[in-house]
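Peer 1: Respectively, the protein sequence lines represent chains A and B. The first sequence begins at 3 in our numbering and counts up one residue at a time. The second sequence begins at 3 in our numbering and counts up one residue at a time. Beta carbons: idealized from backbone N, C-alpha and C, even for Gly. What you are looking at is a predicted structure, and each value in this text was computed from that prediction instead of being measured.
Number of protein chains: 2
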Amino acid sequence: MSPSGAVSLAVVGATGAVGQEMFSVLEQRRFPAGKVRAFASARSTGRTVAFNGTTLPVGELKADAFERDRFDIVLMSAGAKISREYAPRAVSAGAVVVDNSSAWRMDPGVPLVVPEVNAPDIRRHKGIIANPNCTAAILCVPLKPISDAFGLERIVVSTYQAVSGKGARAVAELEAQTRAWAAGQALPHNVWPYDMAFNVLAVDWKVAEDGTTEEEAKVMEETRKILGLPNLRISVTCVRVPVFRCHSESVNLQTRRKAAVAEVRRVLSGAPGVELLDDPRAGRFPRPKELAGSDPVYAGRIREDGSVENGLSLWVVGDQLRKGAALNAVQIAERLIQDGL
Amino acid sequence: MSPSGAVSLAVVGATGAVGQEMFSVLEQRRFPAGKVRAFASARSTGRTVAFNGTTLPVGELKADAFERDRFDIVLMSAGAKISREYAPRAVSAGAVVVDNSSAWRMDPGVPLVVPEVNAPDIRRHKGIIANPNCTAAILCVPLKPISDAFGLERIVVSTYQAVSGKGARAVAELEAQTRAWAAGQALPHNVWPYDMAFNVLAVDWKVAEDGTTEEEAKVMEETRKILGLPNLRISVTCVRVPVFRCHSESVNLQTRRKAAVAEVRRVLSGAPGVELLDDPRAGRFPRPKELAGSDPVYAGRIREDGSVENGLSLWVVGDQLRKGAALNAVQIAERLIQDGL
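(1) Between the alpha carbons of B:Ala262 and B:Tyr88, how many angstroms are there, rounded?
(2) Comparing C-alpha positions only, which one of A:Ser46, A:Asn54, A:Met108 sits nearest to A:Arg31?
(3) Since A:Thr56 contacts A:Phe152 with CB under 8 Å, what's their CB separation in whole angstroms?
(4) Residues of chain B with a CB under 9 Å from the CB of A:Gly285: which are they?
(5) Tell me which residues share the same chain as A:Val159 and place their Cβ nearer than 6 Å to its Cβ, disregarding the 5 neighbours each side in the sequence.
(6) For B:Pro134, which three-state DSSP category applies?
(7) For a contact defined as C-beta to C-beta under 9 Å, what are the partners of B:Phe246 on chain A?
(8) Which residues in the same chain as B:Leu338 place their Cβ atom closer than 7 Å to its Cβ, once the five residues preceding and following it in sequence are excluded?
(9) Compile a chain-ordered list of the residues in the segment 228–252 of chain B whose CB is closer than 7 Å to at least one CB of chain A.
(10) Nearest by alpha-carbon distance to A:Val77: which of A:Arg226, A:Val38, A:Ala65 is it?
(11) In three-state terms, what does DSSP make of B:Tyr88?
(12) Return helix, strand or coil for B:Asp212, following the three-state DSSP convention.
(13) Pick helix, strand or coil for B:Phe53, following the three-state DSSP scheme.
(14) Sorted by chain position, which residues of the same chain lie with C-beta nearer than 8 Å to A:Arg289's C-beta, five sequence neighbours on each side aside?
(15) Can A:Phe287 and A:Arg268 be called in contact, C-beta distance under 8 Å?
(16) Go to A:Tyr291, then tell me how far its alpha helix (DSSP H) extends in each direction, as first and last residue.
(17) Are the beta-carbon atoms of B:Pro144 and B:Val299 separated by less than 8 Å?
(18) Does the distance from the CB of A:Gly21 to the CB of A:Ser79 come in under 8 Å?
(19) Determine the extent of the beta strand (DSSP E) in which A:Arg156 is found, giving its start and end residues.
(20) Have a look at B:Gly411 and B:Ser94 and give me their C-alpha separation to the nearest angstrom.
(21) Compare the C-beta of A:Arg171 with all C-beta atoms of chain B and state if any pair is closer than 8 Å.
(22) Cα separation between B:Ala8 and B:Phe33?
(23) Taking any Cβ of chain A, which residues in the segment 295–306 of chain B have a Cβ under 9 Å from it, in chain order?
(24) Beta-carbon of A:Thr257 versus every beta-carbon of chain B: anything under 8 Å?
(25) Helix, strand or coil: which one does DSSP assign to B:Val76?
(26) Taking the C-alpha atoms as reference points, what is the distance between A:Gln187 and A:Leu176?
(27) Could you run through the segment 149–160 of chain A and flag, in chain order, every residue whose CB is less than 9 Å away from some CB of chain B?
(28) Give a yes or no on whether the minimum CB-CB distance between A:Lys291 and chain B is below 8 Å.
(29) What are the start and end residues of the alpha helix (DSSP H) that includes B:Gly21?
(30) Starting from the beta carbon of B:Ala184, find every residue of chain A whose beta carbon is closer than 7 Å, and list them in chain order.
(31) Using a Cβ-Cβ distance cut-off of 8 Å, determine whether A:Asn254 contacts chain B.
(32) Report the CB separation of B:Tyr162 from A:Val202 in whole angstroms; it is logged as a contact under 8 Å.
(33) I want to see whether chain B comes within less than 8 Å of A:Pro190, judged by CB atoms only; does it?
(34) Hey, could you find the ends of the alpha helix (DSSP H) B:Phe68 is sitting in?
(35) Can you check which of these residues, A:Met222, A:Leu141, A:Ala92, A:Val243, is closest to A:Asn233 by C-alpha distance?
(36) Any idea which residues DSSP pairs A:Pro59 with across the strands?
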């Protein structure tokens, strides 16, 4: 940190959906940044990003970026390949990297952090801290207080994931498909070989030999790591829906101890990062479109599931670009500063 | 039946989404109908329906409709209130009623039938045979062969339900909302108080005191009745998505005996009414938009779930206006004829 206490910060992947959201989050949370630099691939140089009333030029990420310029914190969101190459360079040059890709998440030496859940893990970092998969991050926020209060026996999750989780091009394609539909024209297929408009895709990720998608594997293994429950029994089905922003998750739980609905509501209403929206008869339940752009993870439809001992169902919605990505990364950076990096 | 063997048939609710689909199914399946009459509420009289190259006038459903004219079979799809009033009248007048509403489904004296699952129950009818809730009907088609082969211990389902399940006005509103979005105008809200376009609604049905929706309760109790497993442990979360037609269901199963994926595939590929679409790496998995208008229930994404003993996950898609409603009703009527009514 500079003598003034201001943090020098680099954002890598500045022009992507998550990168842009990071600047918005940094600004809203009055992040104590001194020097701020924006990096992206050669394709994006020449572009600018808006930040704190100024316009930052986007620099090309070159091999010596972190040697030519010193940073306290590097927020990376440029994919696993870039992270594998550049995160170690940034660390060698003295920065702490908060990495949004999947490159380091399951590395036993790298903390995988949702601050509301496992902030103390940040202190174990050796230069890199991984930001989780968006669906896992959103899931863990309400699961943690439930786990602490009642214990977790088994979790079955089905997701309703927004297209922005697939990047800005996917958002543009859902828009373009929808406009084409409204105009009575053929739907464009550049991102998806199928229609995404008015459709549901139960496969929108790489599929492993056993039929599990990469996304499902990430959610399962990352949830175990974040919660610190390596043997947690969890089953996940990841599904893409024609929603622009905010992931929804239908969560079925079996707790260790009986979890009465009123108690679960009490536990969740006091939990960090969670907002209860649970009065469905009055229209109060989490809806992704209306919650886009907000920070909390919303929980609703909490009800007993009589089909199993200590069964519980709930519905969880979170903005996967905020809590699922940019907000979570900035929260980690804030903790790093509190802890003196 | 007439001496020629042709069946006299009435369709009540002829102008609704399911009623119209019934005429299309009757025509496609060359249903052996002689006299065919279409009925609807006073609001719809004067309208016509197309059937077998002719145009049928839509008559108003009046109290004496079934006394003035004799029918072998009455296909009813006009809501529970109309069914409660008119089904007994039709039965008194000598007809067998196949009723698509929820009015009679859980009546212990009324068979609730998915022909591929429990056709023999049809013979127990006392004049009324109930057609199940669409989500339950679609679910039961692949569940039955799995249940027979491996036994069912517990089922956890999350649905992705199309708006046509809510009726023609809902379809029109999703269209209107989407067109308004494309035109940059405010979205109309006549059917939903919320946006349905680009949104997901985890509550789109009446909610009971315990937080369960009416739809969820129907799927759970009707699935038990259709499968003949009154103690089946089942948990359902029903969700509306911006899809016009075809319900999708994420199904997590615990079977009694170990169900290896290859065996499940074998069991399902030979099962009546089921079509296997399960090669996700080749893009073969059930997608609702592309399967709209087709008869089978499609099953895919069959995979082991290691989070529980004998765990199994699959993805099921079916056209809720066809197998979930009109097709199933016509199949019941065909069985009635085979059995001599």
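Peer 2: Let me lay it out:
(1) Here residue 262 of chain B corresponds to residue number 260 of the second sequence, with the count starting at 1. Here residue 88 of chain B corresponds to residue number 86 of the second sequence, with the count starting at 1. If I take the Cα positions, the gap works out to 48 Å.
(2) As a first step, residue 31 of chain A is located in the first sequence; it is residue number 29 there, counting from the start. Closest by alpha carbon: A:Asn54.
(3) Here residue 56 of chain A is taken as the residue at index 54 of the first sequence, counted from 1. Here residue 152 of chain A is taken as the residue at index 150 of the first sequence, counted from 1. About 48 Å separates the two Cβ atoms, so there is no contact after all.
(4) Taking the first sequence and counting its residues from 1, the one referred to as residue 285 of chain A is at position 283. Ordered by position in chain B, the residues that pass the 9 Å Cβ test against A:Gly285 are Pro195, Tyr196, Val205.
(5) Against the first sequence, residue 159 of chain A aligns to sequence position 157. Cβ within range, chain order: Val238, Glu251, Val253.
(6) Numbered from its first residue, the second sequence carries residue 134 of chain B at position 132. DSSP places B:Pro134 in coil when its eight states are reduced to three.
(7) The sequence position of residue 246 of chain B within the second sequence is 244, counting from 1. The answer, in chain order, is Phe200.
(8) Counted from its first residue, the second sequence places residue 338 of chain B at position 336. Same-chain partners within the cutoff: Ile75, Val98, Ile124.
(9) Answer in chain order: Arg235, Ile236, Ser237, Thr239, Val241, Val243, Pro244, Val245, Phe246, Ser250, Ser252.
(10) The residue given as residue 77 of chain A occupies position 75 in the first sequence. It should be pointed out that residue 77 of chain A corresponds to Leu in this sequence rather than to Val. For the set A:Arg226, A:Val38, A:Ala65, the Cα lying nearest the Cα of A:Leu77 is the one of A:Val38.
(11) Along the second sequence, one-based indexing puts residue 88 of chain B at 86. In the structure shown, B:Tyr88 sits in a helix (DSSP, three-state: H, G or I).
(12) Reading the second sequence from its first residue, position 210 is the one you call residue 212 of chain B. Reduced to three states, the DSSP call for B:Asp212 is coil.
(13) What you label residue 53 of chain B is simply residue 51 of the second sequence in a count that begins at 1. Strand, per DSSP.
(14) Working through the first sequence from its first residue, we reach residue 289 of chain A at position 287. Excluding residues within five positions, the ones whose Cβ falls inside 8 Å are Val319.
(15) Numbered from its first residue, the first sequence carries residue 287 of chain A at position 285. Numbered from its first residue, the first sequence carries residue 268 of chain A at position 266. No; because the gap between Cβ atoms is not below 8 Å, this pair is not in contact.
(16) On the first sequence, position 289 is the one that residue 291 of chain A refers to. It should be pointed out that residue 291 of chain A corresponds to Lys in this sequence rather than to Tyr. Run containing A:Lys291: 290–293, per the alpha helix (DSSP H) assignment.
(17) On the second sequence, residue 144 of chain B is found 142 positions in, with the first residue counted as 1. On the second sequence, residue 299 of chain B is found 297 positions in, with the first residue counted as 1. A contact, by the Cβ cut-off of 8 Å.
(18) Taking the first sequence and counting its residues from 1, the one referred to as residue 21 of chain A is at position 19. Taking the first sequence and counting its residues from 1, the one referred to as residue 79 of chain A is at position 77. Taking 8 Å as the cut-off, the Cβ atoms of A:Gly21 and A:Ser79 count as close.
(19) Counting from 1 along the first sequence, the entry for residue 156 of chain A is found at position 154. Counted as a single uninterrupted DSSP element, the beta strand (DSSP E) harbouring A:Arg156 occupies residues 154–162.
(20) Past the edges of chain B, shown from 3 to 343, lies residue 411 of chain B, and the structure says nothing about it.
(21) Indexing the first sequence from 1 puts residue 171 of chain A at position 169. Answer no: the Cβ-Cβ gap between A:Arg171 and chain B never drops below 8 Å.
(22) By 1-based counting over the second sequence, the position of residue 8 of chain B is 6. By 1-based counting over the second sequence, the position of residue 33 of chain B is 31. Each residue's Cα considered, the two are about 9 Å apart.
(23) Gly302, Arg303, Ile304, Arg305, Glu306
(24) Position 255 of the first sequence, counting from 1, holds the residue named residue 257 of chain A. Not closer than 8 Å to any Cβ of chain B, the Cβ of A:Thr257 fails to qualify, so no.
(25) Here residue 76 of chain B corresponds to residue number 74 of the second sequence, with the count starting at 1. The answer is strand: DSSP assigns B:Val76 an E or B state.
(26) For the purposes of this step, residue 187 of chain A is identified with residue 185 of the first sequence, where counting begins at 1. For the purposes of this step, residue 176 of chain A is identified with residue 174 of the first sequence, where counting begins at 1. Each residue's Cα considered, the two are about 14 Å apart.
(27) The segment 149–160 of chain A vs chain B, Cβ under 9 Å: Arg156, Ile157, Val158, Val159, Ser160.
(28) Counted from its first residue, the first sequence places residue 291 of chain A at position 289. By this cut-off, A:Lys291 is an interface position.
(29) The residue labelled residue 21 of chain B in the question sits at position 19 within the second sequence. Here the alpha helix (DSSP H) through B:Gly21 covers 19–30.
(30) Taking the first residue of the second sequence as 1, we reach residue 184 of chain B at position 182. Those within 7 Å of B:Ala184 in chain A are Thr180, Arg181, Ala184.
(31) Taking the first residue of the first sequence as 1, we reach residue 254 of chain A at position 252. Chain B contact via Cβ: present.
(32) Residue mapping note: residue 162 of chain B aligns to position 160 of the second sequence, counting from 1. Residue mapping note: residue 202 of chain A aligns to position 200 of the first sequence, counting from 1. Confirmed, Cβ separation roughly 5 Å.
(33) Mapped onto the first sequence, residue 190 of chain A falls at position 188. No - not a single Cβ of chain B is within 8 Å of the one on A:Pro190.
(34) Looking up residue 68 of chain B in the second sequence gives position 66. Per DSSP, B:Phe68 belongs to the alpha helix (DSSP H) from 67–70.
(35) The residue labelled residue 233 of chain A in the question sits at position 231 within the first sequence. If we check each option's Cα against that of A:Asn233, A:Met222 comes out closest.
(36) Looking up residue 59 of chain A in the first sequence gives position 57. Partner(s): A:Thr50.
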